[in-house]
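Report on the structure given below.
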Amino acid sequence: MPEAKILIVDDTKANLVALQVLLKPIDANIITAESGEQALLAAEEHEDHIALILLDVQMPVMDGFEVARLLNENERTRSIPIIFITATQDDGQIEKAYLSGAVDYIEKPIRKTVLISKVLVFLDLWSLRHGLELEVEQRRAAEHRVEHLATHDPLTNLSNRRGLYEELSELIYRSRRYNFSSAVIYVDLDGFKHVNDHFGHEAGDKLLTQVADNFRGIVRQTDSVARIGGDEFIVLLTDIDSETTLITKIEKLLTEASLPLDFKGHNITVGASIGIALYPDHGDDVETLLHHADQAMYQAKNQGKNTFRFFTEDINIKAHRQRELQDNLRKALPNDEFTVFFQPIVDAASGQVVSAEALLRWESANLGQVFPDEFIPAAESAGLIPELGCWVLKKAIETGAHWNKQFGTGLRIAVNASSIQFRNNLLFDTIKEQLETYAWNPDLLEVEITEGLLLDDSPEVNTYINEISKCGVRLSVDDFGTGFSALSYLKNYPVNTVKIDRSFIMDLPGDKENAVLVQAIIAMAQGLRLEVIAEGVETAEQWEFLRSLNCDFVQGYFFGKPMPRTEFEDFLIAQLEKPIQAQS
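Counted from 1, the sequence shown has number 104 at position 96 by the working numbering; the numbering is strictly sequential.
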C-alpha cells in the first residue's frame with residue numbers, strides 16, 4: 009500500500025511549521041504549499057497518495073474557496089477530502105466552505121486533540137479505501153488469471169480448445185461480415201509418441217513448446233494458433249488472398265514442425281500431418297470446420313504423413329463410412345459375425361501343403377460382406393485390434409489342433425499380428441494360454457509381423473518379440489519389401505521367415521527388375537538362414553520361376569484361395585491323397 013500524505017496549504021510559513029509540529033504524532037508524510045496555485049499542482053502530482061488537504065481560507069490571489077472549487081472540478085483530485093482551517097465563525101462562510109467542496113472545518117486557534125482526531129479519521133478512511141482498491145485489483149487479477157487458464161494451454165500459453173472455439177467463432181463472424189475466406193488448419197505431429205517413449209516427457213514438453221513458438225512466429229497478428237490436445241495444434245488464418253499464399257504458409261508450418269530439437273545431446277525431430285478446411289467452402293460453423301479439417305488431417309496421415317490435404321466431399325464420405333464400420337465392428341464379435349478363413353502355404357519344391365495362414369473375414373448383419381482391407385483399418389482406429397487379434401489366434405490354434413489330430417499331420421498355423429498388439433502383454437499371454445490349452449507344439453505356430461515393427465526399438469516391443477520367440481513360436485516378416493526395412497534389421501530380431509510381398513511376384517517372370525529383386529531377397533534371406541515365402545503366386549510359370557530360385561514356400565490363388573474351415577478340410581484331404589504338381 010502506498011504511503012499516506014497530508015497536504016497543508018497556508019500562505020504563512022509560521023502556520024505551516026506550526027501545523028507540522030502539531031501533526032508529528034501522525035504516521036503520514038507531510039507536504040506543504042504556500043499558495044493556491046502550488047496547492048493545485050501538488051494535489052495533481054501526489055493525487056494517489058494524498059489522504060487529506062488542510063486548506064487555509066484566507067490567502068492572497070486565490071483564496072481557499074477557489075482552490076477547493078478547482079480541486080472539485082478536476083476528475084483527478086475531486087475525491088481528495090478537504091478540511092478548511094478558518095478563524096471565522098460566520099455561518100455564511102462555513103456554508104460557503106461546504107459548498108466549495110470541503111468535508112469539514114477546524115477553527116483557529118487550532119486545538120491539537122481536535123486536529124489529530126479529525127486527521128486520523130481521514131487517514132483511516134484513506135487506508136480503508138486503498139485497501140479495498142488493492143483487494144479489488146488483486147481479485148480482478150486473479151479473475152483474469154483464472155479466465156486466462158480457462159482459455160489457454162498452460163504449457164505453451166496458446167489458446168486451448170475453449171479459447172479456440174471463441175477465436176474461431178469470432179473469425180467466422182468477421183469473415184462473414186467482411187466477405188473474405190479463412191482457413192482452419194489442423195496439425196497433428198507425426199512421431200511424437202516415440203519422443204515421449206524414448207526421451208521422456210521433459211523432451212516432449214520442450215518439443216511442443218518449440219513447435220508452438222515456431223508456429224507463433226510465422227502467423228500474422230490477425231491469425232491465431234491453439235493447442236487442443238497432446239500433439240494437436242490448430243492454426244487459424246484470416247483473409248486469405250490466394251491459394252498460393254495459403255499453400256506457402258502450410259509448407260512453412262510443415263518445415264517449422266520438423267525443425268530438430270537439441271535435447272541433452274540428441275537431435276529430436278518429428279513430422280506433421282496437416283488437414284485444411286476453408287470458410288465458407290467447407291463449412292460455416294465452428295464444429296463443421298473443425299470436423300472437416302480433422303478428417304483432412306487423417307487423410308494426410310493415411311497418405312504417408314508429413315504432408316497436407318484439403319478437405320473434399322470424398323473425404324467426408326470416407327469418414328462417414330469409417331464411423332459406420334466402427335459402429336458395426338463393435339457389435340460384430342458378440343454377434344458372432346466373424347469367421348476365420350485359411351489359405352494354404354505349400355512347399356515350393358514338392359507342392360505339399362505345409363502350413364495355413366489364418367485370415368479374418370466379416371459378414372456384417374447390417375453391411376453384408378466387408379473386405380479386410382476396409383474393416384481392418386477401421387478396427388485399428390477403433391482400438392479393436394487387440395481383442396480381434398487374440399480371437400483369431402484362439403480360433404486358429406483350436407482349428408489347427410483339430411486338424412493335426414484328425415489327419416496326423418504337423419500343419420503349421422500362421423496368424424497376423426498388428427504392431428498395436430506388441431504394446432501390452434495380451435498377445436503374449438494369449439499365446440502362452442493357447443499353447444498350454446491344446447498342448448500345441450510352438451514350432452507349429454508362426455506369428456506374422458510387419459516391417460514397420462522392426463523399426464520400432466521401444467522396450468515393450470523388443471520384450472514381447474523376444475518373449476514370443478523364447479516360447480519356441482516362429483516369427484515371420486509379412487509383406488517384406490514394401491516398407492522401410494532392410495535385411496540388415498533381421499539380424500537384430502529372432503525372425504525365422506520372410507514373406508515377399510505379392511507386388512514383386514505378380515508380373516514374374518516377365519518383369520526383369522522384379523525378378524532381380526526377388527532373386528536378391530531370396531539369396532540374402534537364405535544367407536541369413538531365414539526361410540522365404542513368396543505371396544501372390546497365381547500361375548504355374550510364377551511357381552516354376554520361384555522354384556528355380558530355390559524359394560522355400562509359395563502361397564497364392566494358384567494353390568488355393570482363403571477358405572472357411574470345412575472347405576479347407578476337404579482341401580487338406582485331397583492334398584494328402586495327391587499334392588499339387590508343378591509343370592514338367
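We treat Cβ as the ideally placed atom computed from N, Cα and C, and that holds for glycine. These numbers were taken from a predicted model, which means no experiment stands behind them.
- Nearest to F200 by C-alpha distance, out of T277, R235, A149 and A234, is T277.
- A contact is defined here as three or more CB-CB pairs under 8 Å, and the region 369-381 meets this definition with respect to the region 345-355.
- Secondary structure at E175: helix, using DSSP grouped into helix, strand and coil.
- Distances from the CA of N500 to each of E441, V526, K586 and V469 were compared; the closest alpha carbon is that of V469.
- Put simply, the region 497-511 touches the region 454-467. At least three CB pairs are less than 8 Å apart.
- DSSP places S281 in the strand class (E or B) of the three-state scheme.
- By the CB criterion at 8 Å, L261 and V195 fall inside the cutoff.
- For I421, the enclosing beta strand (DSSP E) has its first and last residue at R420 to N424.
- Between I513 and E543, the gap from beta carbon to beta carbon is short of 8 Å.
- Straight through space, the alpha carbons of R317 and L298 are spaced by roughly 14 Å.
- In the DSSP assignment, H274 falls within the unbroken beta strand (DSSP E) covering H274 to I276.
- Of all C-beta pairs linking the region 386-405 to the region 422-439, three or more are shorter than 8 Å, placing the two stretches in contact.
- DSSP lists no beta-bridge partner residue for G199.
- The C-beta distance from F223 to F241 rounds to 6 Å, short enough to fall under 8 Å.
- For the options L525, R331, N522 and P342, the alpha carbon positioned closest to that of E388 is the one of R331.
- Counting only runs of 3 or more residues that sit fully inside the region 297-362, the beta strand (DSSP E) segments are 316-318 and 346-355, in chain order.
- Listed as beta-bridge partners of V17 by DSSP are A41 and L63.
- Secondary structure of L557 (DSSP, three-state): coil.
- Counting only runs of 3 or more residues that sit fully inside the region 218-265, the beta strand (DSSP E) segments are 232-235 and 240-245, in chain order.
- Looking at A36, T159 and L516, the one whose alpha-carbon comes closest to that of E11 is A36.
- By the Cβ-count criterion, H209 is exposed, with fewer than 16 other Cβ atoms from all chains shown falling within 10 Å of its own Cβ.
- Residue pairing by DSSP places Y194 opposite I242 and G283 in a beta bridge.
- Inter-residue distance for D335 and D355 is about 41 Å (C-alpha atoms, whole angstroms).
- Closest option to S358, judged by alpha-carbon separation, among S281, A308, Q583 and P572: Q583.
- The DSSP-derived three-state label of W448 is coil.
- For D231, same chain residues with a beta-carbon under 8 Å away, outside a window of 5 residues either side, are V243, L244, L245 and T246 in chain order.
- Between Q307 and G273, the C-beta spacing is not below 8 Å.
- Three or more beta-carbon pairs separated by less than 8 Å link the region 431-441 to the region 466-481, which places the two stretches in contact.
- Taken through DSSP and simplified to helix, strand or coil, A542 comes out as strand.
- Shown here, I118 sits in coil according to DSSP, grouped into three states, outside any helix or strand.
- Between the beta-carbon of A51 and that of T85 there is about 5 Å, and that keeps the pair under the 8 Å contact cut.
- It is roughly 38 Å from the alpha-carbon of D198 to the alpha-carbon of S363.
- Under the DSSP assignment, L269 falls in the beta strand (DSSP E) whose first and last residues are L269 to F271.
- In the displayed model, V69 falls within coil according to three-state DSSP, outside both helix and strand.
- As DSSP reads the structure, K507 sits in a beta bridge with I541.
- When the five nearest sequence neighbours on each side are left out, the beta carbons in the same chain lying within less than 8 Å of the beta carbon of N314 are those of D198, L262, S266, G279, A280 and S281, in order along the chain.
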